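Below you'll find the structure, written out as structure tokens, and then a few comments.
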Amino acid sequence: MRRPIIAGNWKMYKTPEEAVSFVREIRDALDAIEGADAVVCPPAIAIPGVAEALAGSRVGIGAQNMHAEEQGAYTGELAPNMLTPFCQYVILGHSERRAYYCETDEAVNRKAKAALAHGLTPIICVGESLEQNEAGETQSFVSGQVRAALEGMSAEEVVRCIIAYEPIWAIGTGKAASAEEAGRIIGEAVRGTIADLYGEETAGAVRIQYGGSTNPENIGAYMAQPDIDGALVGGASLKPSFVEMVRIAAGA
Ligand code: PGA
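Residue 0 is where the sequence shown starts when you use numbering that gives the first Met the number 0, and the numbers rise one by one after that.
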């Protein structure tokens, strides 16, 4: 049984002060929900404050990025052990990081291994562009991203990863992939690829999220897909109705 997991990717929204007051507002309601994991991923500078506001809560905290090295001359970056006092999760390879900060499959793989080595759960993002989708390249592209991200990992490490399938054309656009389509790509290109590499048992244990224009109205349809175990939520995670999404996922 894979436990549903809803993670909120706040991106570059909310000041540290706004972040703390928001988690204070939603914390008790999230803690009252059994049957699903809830995670918030604030901007890095807000993480310590959010961690303090969530002390004693079951709500998880994730970073939105991380460097793979232990330390070094990497201006503007954060090392794994800088996150571990506060975070249990880290989003890696988000399409915005890949597009605007030149993050490669190789970098995502290095970061994912570093996260695991430090006891952090990587939420590894994959997903095709509109052009690739229209050219019928979705399956092969997504499968390739999954292979590259997991390169060199043991089966035991792979089951500690979360994969988020986020078609780029569905992110922040209001044009969500249909639940059936998302379920099919996740089943075939994500879980199917893991099964090819590590076998059915390992593939069946990995939690896989859908991401892209999810909200309280459509989350139920995604959760009804057998291969979808949750969502990586952007815009809708900034509002108190994020709680509703976690509640729906827990009941699915
Ligand atoms: P969205 O973003 O829910 O605003 O489409 C999803 C994401 O980028 O993770």
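Ideal Cβ positions, reconstructed from N, Cα and C, are used throughout, including at glycine. Nothing here was measured: the structure is a model prediction, and the numbers come from that model.
- Proximity of the beta carbon of S177 to the ligand PGA is not indicated: no heavy atom of the ligand is located closer than 7 Å.
- Each residue's CA atom was taken as its position, placing G34 and R1 some 10 Å apart.
- In the DSSP assignment, R1 falls outside any alpha helix (DSSP H), carrying neither H nor E.
- Proximity of the beta carbon of E180 to the ligand PGA is not indicated: no heavy atom of the ligand is located closer than 7 Å.
- With a cut-off of 7 Å, the C-beta of T213 is classified as near the ligand PGA, since at least one heavy atom of the ligand falls inside that distance.
- One thing to note: T120 has its Cβ no nearer than 8 Å to the Cβ of R57.
- Bridge pairing for Y164: V125 and Y209 [DSSP].
- Relative to the ligand PGA, the beta carbon of L91 is positioned no closer than 7 Å to any heavy atom.
- Nearest C-alpha to I247 among Y221, P79 and G118: Y221.
- Setting aside the 5 residues that flank it on each side, A202 is surrounded in the same chain by R190, I193 and A194, each with a C-beta closer than 6 Å to its C-beta; the list follows chain order.
- When DSSP states are grouped into helix, strand and coil, T192 belongs to the helix group.
- In terms of Cα proximity to I218, the closest of A176, E187, I184 and R183 is A176.
- Checking the 7 Å criterion, the Cβ of V232 is within range of a heavy atom belonging to the ligand PGA.
- Here N108 carries a helix assignment [DSSP, helix/strand/coil].
- Scanning the region 0-74 from its first residue to its last, the whole beta strand (DSSP E) runs of 3-plus residues come out as 4-8, 36-40 and 59-62.
- Contact between the region 20-36 and the region 66-86 is absent, with fewer than three C-beta pairs closer than 8 Å.
- Separation of the CB atoms of A62 and C86 is rounded to 5 Å, and the pair is thereby assigned contact status at 8 Å.
- For A235, the distance from the CB to the nearest heavy atom of the ligand PGA is below 7 Å.
- Under the 8 Å Cβ criterion, the region 4-24 counts as touching the region 36-53, having at least three qualifying pairs.
- Taking 7 Å as the cut-off, one finds no heavy atom of the ligand PGA near enough to the beta carbon of E102.
- Inclusion of E165 in the 7 Å shell around the ligand PGA follows from its C-beta lying nearer than that to a non-hydrogen atom of the ligand.
- For G229, the three-state secondary structure derived from DSSP is strand.
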